[in-house]
Amino acid sequence: MICKIIGYTHGIGGPMITIVIIGAALLAIFGRMPWPALFALGAFTAVFFGAPVVASKITPGGVICQNGAVANKP
Numbered sequence: 001m002i003c004k005i006i007g008y009t010h011g012i013g014g015p016m017i018t019i020v021i022i023g024a025a026l027l028a029i030f031g032r033m034p035w036p037a038l039f040a041l042g043a044f045t046a047v048f049f050g051a052p053v054v055a056s057k058i059t060p061g062g063v064i065c066q067n068g069a070v071a072n073k074p
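The sequence shown begins at 1 in this note's numbering and counts up one residue at a time.
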């Protein structure tokens, strides 16, 4: 189950957040969104998409996914 979630977020998450950030930047440029909110969105994105790196440093033997299933740890 966790491997399906990881695969889904890696597949669709990047393009989706790219569109969201471009849209938010356009809203900020035209004065419909405050600039601090745009910076907060950027910080949230960095934390959200950087979380796997942080988690792998905390738990180096974490979940290993191969072909959509959890693989046995060596």
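Backbone N, C-alpha and C fix where the C-beta goes; we use that ideal spot for every residue, glycine too.
From residue i to residue j, what does the alpha carbon distance come to, in whole angstroms?
i	j	result
Val53	Ile22	24 Å
Gly14	Leu26	19 Å
Val47	Phe30	26 Å
Gly50	Leu38	18 Å
Thr59	Met1	19 Å
Among the residues of its own chain, which have a CB less than 8 Å from the CB of residue i, if the five just before and after it don't count?
i	result
Pro34	Ala28
Short check: CB of residue i to CB of residue j, under 8 Å?
i	j	result
Thr45	Ile12	no
Apart from the five residues just before and just after residue i, which ones in its own chain have a Cβ nearer than 6 Å to its Cβ?
i	result
Ile64	Ala71
So, for residue i: in the same chain, excluding its five sequence neighbours on each side, which residues have a beta-carbon less than 7 Å away from its beta-carbon?
i	result
Ile6	Cys65
Leu41	Ile21, Ala24
Gly69	At residue 69 the sequence reads Ala, which differs from the Gly that was named. Only Cys3 meet the Cβ criterion.
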